[in-house]
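Numbering (our numbering), first residue to last: 229 to 290.
No residue lacks a Cβ here, since even glycine has one placed at the ideal position from N, Cα and C.
Please read all numbers here as calculations on a predicted model, not as lab measurements.
Heads up: the structure comes next, in structure tokens.
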């Protein structure tokens with residue numbers, strides 16, 4: 229197997245372990261709103277938002 233594939237599988241496994249261990253419900257407060265959601269939903273959502281922001285900030289031209 230290629231090193232990139234092995235690295236991707238290890239990273240995906242670690243991410244899966246992180247999600248499985250964080251199933252508690254948390255309150256997210258943003259300005260005037262309070263949203264209750266599971267961390268298993270919150271973590272991938274924040275990572276996705278971070279990737280989207282990084283993609284647009286990293287582009288040379290908008």
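{"Item": "Would you give the residue range spanned by the beta strand (DSSP E) that residue 265 belongs to?", "Value": "261–266"}
{"Item": "Could you give the distance in angstroms between the alpha-carbon of residue 285 and the alpha-carbon of residue 269?", "Value": "25 Å"}
{"Item": "Check residue 257 in the structure and name its three-state DSSP category.", "Value": "strand"}
{"Item": "Within the chosen definition, does the region 261–280 reach the region 239–250 through at least 3 CB pairs nearer than 8 Å?", "Value": "yes"}
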